[in-house]
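Structure first, then comments.
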Amino acid sequence: MNNTQNTKGTLVTGVIGEDVHIVGIRSVEYALRQAGFNIVSLGIQVSQEEFINAAVETNADAILVSSLGGHSKIWVAGLREKCEEAGLDHVLLYLGGKLIIGETNWEDSEQLFKEMGVDRVYPPDIKLAKVIEDLENDCKRKGEAS
Amino acid sequence: MNNTQNTKGTLVTGVIGEDVHIVGIRSVEYALRQAGFNIVSLGIQVSQEEFINAAVETNADAILVSSLGGHSKIWVAGLREKCEEAGLDHVLLYLGGKLIIGETNWEDSEQLFKEMGVDRVYPPDIKLAKVIEDLENDCKRKGEAS
Amino acid sequence: MKLKNKKLNDEEFSQERKQVLATWPTGAEVNLGEGIAFHRSMPPHKNFALKLLQARDTKTTLIRCESGIPTLDEFSSYLRYLQNEGQADLLGSHIDSLTRNQRYQEAERGLQESVQTGKWVLNGFPIVAHGVAGTRKLIEEIDLPMMLRNPCVDQRLVAEIGFASGYTGTSGDPTMALCHYSRNIPFEDVIRKYQYVYRLMGYYTERGIPLIASFLGGFAILCPFSVVMAGSISAAIIAAEQGVKNFSMAFNTQGNVVQDVAASVVLRKLTKEYLDTLGYQDVEITLDMTIWSGQFPDDEFSASTVINLGVFAAVAAKSELTTVKTIEESKTIPTREASAGSLRLGKTLINILKKQDLQLDVQAVATEAKMLEMETRLIVNKILDLGNGDAAVGLVKATASGVFDNPFATSQYVQCKVRGVRDYQGAVRYLDRGNLPFNQEIIQFHQEKIAEREKAEGKKLDYQTIIDDLASISKCRI
Amino acid sequence: MKLKNKKLNDEEFSQERKQVLATWPTGAEVNLGEGIAFHRSMPPHKNFALKLLQARDTKTTLIRCESGIPTLDEFSSYLRYLQNEGQADLLGSHIDSLTRNQRYQEAERGLQESVQTGKWVLNGFPIVAHGVAGTRKLIEEIDLPMMLRNPCVDQRLVAEIGFASGYTGTSGDPTMALCHYSRNIPFEDVIRKYQYVYRLMGYYTERGIPLIASFLGGFAILCPFSVVMAGSISAAIIAAEQGVKNFSMAFNTQGNVVQDVAASVVLRKLTKEYLDTLGYQDVEITLDMTIWSGQFPDDEFSASTVINLGVFAAVAAKSELTTVKTIEESKTIPTREASAGSLRLGKTLINILKKQDLQLDVQAVATEAKMLEMETRLIVNKILDLGNGDAAVGLVKATASGVFDNPFATSQYVQCKVRGVRDYQGAVRYLDRGNLPFNQEIIQFHQEKIAEREKAEGKKLDYQTIIDDLASISKCRI
Ligand code: B12
Ligand code: B12
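In structure tokens, the structure reads:
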């Protein structure tokens, strides 16, 4: 399942769409690398195709999408479907950042993205320890399932 | 009706009850004096009796009560009745300052004090020109009536 | 009884205590020995004076805000909110103004109405109605030092109940009480009542419980600093004689940052010097720079800035304490959210500036401080002269002759001849120096500063200017 | 095409214009002659450059905030609210990021969805979708100067439409666009596109319509000022060559007030000096100190203080302009109430401090400025050296070799080797100077400052410190 023996999993990271906010995902990468994951970092303005190609190439366990600018809905729609087309049936999709402009209810946003096929959606004040915990659990479960 | 020929009217002013906020009424006095009224200034912590005695002595047209501390209800209650007892049937009662702690609706407070027999109730952001105008009108009407 | 700046002897003190405690039933709850034992049982971090000394050592500015809610439960939860959500360093209790004026009966009725209606019918905490038993619950639920905020003529019973309950300081001093909280009580009487309060504090202090007294000397609301500082220094001398050892020298900032900082320099220096010279050496002095206390802007955003500006001056002055107003100051007794938020506003500034060691224009501060020091010295010296070295007697005489004064006093015994006005840069100057004993250099300095503004505005400064200047900060300018 | 810092000739320019205007239907609405006539018909108080020059003459700090709402009606009423209720001196329009990236089709869809749903689906104003006709309505309804806020790689079409509509300036420069708004576009291309924009501005300027360009040089978010200032000075040289005459030299304050003020001194001095030396003498330079642009506190009270602190630095530095964030910065596109309130927050501070002529610790500012000036000179000189006197060529080469750099750049062409970190007093120092061409004195200065903090905290500063420092202001400390 992992392409490297000694990591907890391989993760493709990037900022989706036309978004340039790099600082958040850099912090996430730093924390996950410290926690023992293998990170494939794509930087900013990553298209759906680039995410998928990288995940296929590296046999990734998860794709971590960051989106701060407020256009997440526009950019994330269709990503799950494209993953399936590319044969990435079991890849985990995580999404974090500031997703909706003028968000009034976080649960609504979460619901919206879950319906698009995102596995986990995080609010901006998420503690990275929680993300690590989720990834460890999800990757293990995924490993057992496959 | 006035005890001095050349003024627009005689006004007794003071801060009622245990209240020490002097700055507001000093500004009021200054403005009314400039506008041509005769001011009898009683200062702070004026009791109902002191207001009434001063009004009787000077044959005042109006009593101007200031109250900032928030205890206005406690101190103003009964003032109109005491005026009547003292034979001050036609004296005008004006009230201004910050009347009610945690006031949510100015109209309610106004109503409350009007029911106590106060003729005019002013919110803190009142323009003094409006007070002068009211006084001029009310004093004239009072003069015509008596 | 003839007033004298002389420590009350044990006999006098205990006689008077009996009378004071008898004025209201809850007075009977006070037992000095038991009160001292209670203080000994409190952790040292709940002592106001000790916490301020720590701040002095670490060059930190601590923050608090004012508050007073009638009922115990609500006040307790309000204060805990300020402690936890507001990150307050110290707390206090505004006493309601009925209690301040010994109208305990009415305060008790107001408390009952507040309990029944759930509305805050009183404008503060009616401590006498709550008594020692009730008040101690409050003290025990708060993990910060608490000070009484009670600047009135006669705070003897409130102080007795407050200290016995665990408050570790009080604010209000005879000059404040006379100038702004009384109408026709002779200054002798006011001072005499404060001598009792200070003796009571000395009593605790001598038994190892340092209680701190706060001095303001009259409001600096469009009033030049020298006359109020002369007042607070004189009041401090009176307190020192009764055995007070911890002095929180307070003043209201007025918005010209250089002048506010200069005032802090002078107040610290001269308090130390006068107490020292007069033989009160083993004392601890800290500063408390409170936010502008005149009319506040209605707009909460602008009010935030006025608060920040005061905190900035306090940090720049390395004041041990800043007392902030809230963004709802112009309106009414603030909600706990507004109070806590206003504390965080200041706390953020303090934390960001903490290690920056920001120095304001050293030259400008020094010039301002030099004049201020000269003025203050002349007034204090004259006060001491008038009393033949007795600060209490001197203060009474000085007030009668206008050597001590305030533009917005409420007492008939204060001349209210001095008038302050802002100069071109917003510093407060004497438009009228009344009977203050100034020399030609000072008089000229103020005249020049005023002339500068008159020139810039093309008109003479007069009473209308004073009214405008009183309102200027509430209109978001200076 | 070979990049050169050389004024585009009329031929090149008009060729390129045709291509640019053809990229989207609304491009056809632009007519230069008619645009200039429209500017001539506007009152002078709506010109950004002229208003800033007035501020410079009267030593005032003007204020604005950022905003961008998709629909015309809502944006117009939003801006009028900022003008009337926020007392803004100047306004602007953030362009949405789809438009910034030439995704005009999607921006148009987003605009339609916004109109239909009444929700703000876009993160800015899609000016290309609105075209000249639509945008001019906006300009006509606002009585203040308006600037495009559009720091992206290719703002040629936005600039064409914007200036023709009546905007009188633009922000964004090639260094900013490269560092923070691109991923894999070569610097040559970015600069070349900006040469067009600057030529267009020169064209208006030559015809009596001064348009102002704003320069940031890269974000100073935990990045020492010298490297970003070297970037903005180089970009200004490139603009000057194309005929830009009005320069708004901007930078983000970072919270250490002395350092922020020192940066203003150096930026003003060196911009003037380099433009002068290189033969661009008839230019006007003003400063724009913007609020900290890193992560903001969630708490709106703390956010208020962060805003106030930046405005304070701007006033202390006598900056002609301060650009404020809002108390909702950490959350989302702010409501108009939050924006207007945040403007009033700053306006109150400006008005109160206006005449105070506050001088910060002159000595500390001078020391800080001396080092900063030395650093900035070394970088700019090296950039010019690398280009044999050609700023454009030099900047590209300097970036490739890390002589120009930024810690949080998004472009693969930027080395991101430099690392900033706060010293004990919160000033930002080079933890890693990458390939910046510094001398021993500078290297040692930064090392000493870092060592001071390491000593105080008892541990080495490393990547974790950077992450912590990035978040510190959002956690209400420094
Ligand atoms: C710095 C910044 C910028 C910089 C970015 C510099 C850079 N190279 O990164 C610049 C100035 C370039 C910028 C530009 C813009 N910005 Co901006 N920016 C910010 C700011 C101030 C801080 C962002 C930041 O660095 N945060 C620090 C990091 C550590 O936090 P974070 O990103 O939230 O990430 C954390 C979590 O969210 C989480 N996380 C993030 N991603 C992911 C992904 C996964 C999978 C997981 C598990 C977790 C996770 O982990 C991090 C750890 O704490 C925010 C406001 C704020 N937060 O204070 C606005 C903000 C994000 N920007 C905003 C906007 C609108 C823009 C612009 C569109 C403005 C415009 N119209 O011009 C442009 C965008 C242009 C574009 N093409 O994208 C808005 C977004 C509005 C919304 N979403 O509703 C904000 C909120 C400001 C505002 N109030 O309007 N911005
Ligand atoms: C200065 C001040 C003080 C000073 C007063 C100094 C002095 N000698 O005057 C001091 C510090 C002593 C003080 C004390 C207290 N204060 Co005070 N004080 C203020 C403050 C900051 C300004 C008041 C002021 O001078 N305003 C300027 C004048 C020009 O405005 P004004 O008084 O509103 O008057 C105008 C109008 O209202 C009108 N007006 C006033 N009276 C009348 C009468 C008539 C007939 C008319 C027509 C018009 C009129 O005309 C004026 C012209 O503009 C206000 C808050 C604020 N406004 O910013 C709080 C405030 C009034 N105080 C308040 C309180 C609670 C107190 C204390 C009880 C606090 C305590 N528990 O310790 C004590 C009172 C003690 C006592 N015994 O009364 C509250 C009142 C709460 C409420 N009403 O809901 C306020 C609102 C502060 C707050 N947010 O909590 N205070």
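Keeping their order, the protein sequence lines are chains X, W, U and C. If you want this note's numbering, it's the position in the first sequence, counting the first as 1, plus 432. If you want this note's numbering, it's the position in the second sequence, counting the first as 1, plus 432. If you want this note's numbering, it's the position in the third sequence, counting the first as 1, plus 961. If you want this note's numbering, it's the position in the fourth sequence, counting the first as 1, plus 961. Think of the CB as a built atom: it goes at the ideal place given N, C-alpha and C, for glycine as much as any other residue. Note that the structure is a prediction, hence the values are computed from the model and not measured.
Taking ILE533(X) as reference, the option from GLY1130(C), SER1303(C) and THR1293(C) with the minimal CA-CA separation is THR1293(C).
Residue state for CYS515(W) is assigned as helix, using DSSP reduced to three classes. In the DSSP secondary-structure assignment, CYS1026(U) is bridged to VAL1285(U). Taking C-beta atoms under 8 Å as the contact rule, LEU1282(U) and LEU1105(U) fail to qualify, at a distance of about 13 Å. In this structure, ASN1111(U) keeps its C-beta atom at 7 Å or more from the C-beta atom of GLY1127(U). Residues of chain C with a Cβ closer than 9 Å to the Cβ of SER459(X) are, in chain order, ILE1428, LEU1431 and ALA1432. DSSP, reduced to helix, strand and coil, places VAL447(W) within a strand of the structure shown. With three or more CB-CB distances shorter than 8 Å, the stretch 1020-1034 of chain C counts as touching the stretch 1043-1053 of chain C.
Using beta-carbon distances, GLY1387(U) counts as an interface residue toward chain C, with a partner under 7 Å.
A straight line joining the alpha-carbon of LYS440(W) with that of ASN470(W) spans about 7 Å.
Here the stretch 1363-1372 of chain U does not lie against the stretch 1152-1165 of chain U, with fewer than 3 beta-carbon pairs under 8 Å apart. Residue environment analysis places SER1265(U) among the buried positions, since at least 16 neighbouring C-beta atoms fall within 10 angstroms of its C-beta. Check the Cα spacing between ALA1277(U) and each of ILE1198(U), LEU1314(U) and ASP1393(U): the tightest is with LEU1314(U). GLY501, GLY502, HIS503, LYS505 and ILE506: these are the residues of the stretch 490-515 of chain X whose beta carbon lies less than 9 Å from some beta carbon of chain C, given in chain order. A Cβ-Cβ distance of about 6 Å is found for the pair ALA1201(U) and VAL1244(U), placing them in contact under the 8 Å criterion. Taking a cut-off of 8 Å on C-beta distances, the stretch 441-453 of chain X touches the stretch 463-479 of chain X, as three or more cross pairs fall below it. Residues of the stretch 1371-1383 of chain U with a Cβ closer than 8 Å to any Cβ of chain W, in chain order: THR1371 and GLN1373. In chain order, THR1266 and ASN1269 make up the part of chain U whose C-beta sits under 7 Å from the C-beta of ASN1269(C). Identification of chain U residues near ASN1217(C) by a Cβ-Cβ cut-off of 8 Å yields GLN1317, ordered along the chain.
Within the same chain, and ignoring the five residues on either side of PRO1258(U) in sequence, the residues whose Cβ sits closer than 8 Å to its Cβ are ALA1264, VAL1267, SER1291, ILE1434, SER1435, LYS1436 and CYS1437. Annotation for GLN1373(C) indicates a beta carbon at 6 Å or more from all heavy atoms of ligand 1. In the DSSP assignment, GLY1130(U) falls outside any alpha helix (DSSP H) and lies within the beta strand (DSSP E) extending over 1130-1132. With a threshold of 16 other beta carbon atoms within 10 Å, LYS1308(C) meets it and is buried.
Close to GLN477(X), with beta-carbon spacing below 7 Å, are these residues of chain C in chain order: ARG1144. When beta bridges are read from the DSSP output, GLU1245(U) appears opposite ASN1207(U).
Rounded to the nearest angstrom, the gap between the Cα atoms of ALA1353(U) and HIS503(W) is 34 Å. A distance criterion of 6 Å places the beta-carbon of GLN1256(U) in contact range of ligand 2, judged by its closest non-hydrogen atom. The DSSP-derived three-state label of TYR1374(U) is coil.
Taking C-alpha positions only, GLY549(W) is separated from SER1300(U) by approximately 36 Å.
Three or more Cβ pairs drawn from the stretch 1218-1230 of chain U and the stretch 1181-1194 of chain U lie within less than 8 Å of each other, which places the two stretches in contact. If you check the C-beta of VAL460(W) against ligand 2, you find a heavy atom less than 6 Å away. Comparing alpha carbon positions, the residue from PHE1406(C), THR1287(C), SER1195(C) and ASP1430(C) closest to VAL1364(C) is SER1195(C). Exclusion of the five residues before and after VAL1326(U) leaves VAL1219, VAL1222, ALA1223 and VAL1226 as the residues of its chain whose Cβ lies within less than 8 Å of its Cβ. When DSSP states are grouped into helix, strand and coil, SER498(W) belongs to the strand group.
Here GLY1079(C) is exposed, its C-beta having fewer than 16 other C-beta atoms within 10 Å.
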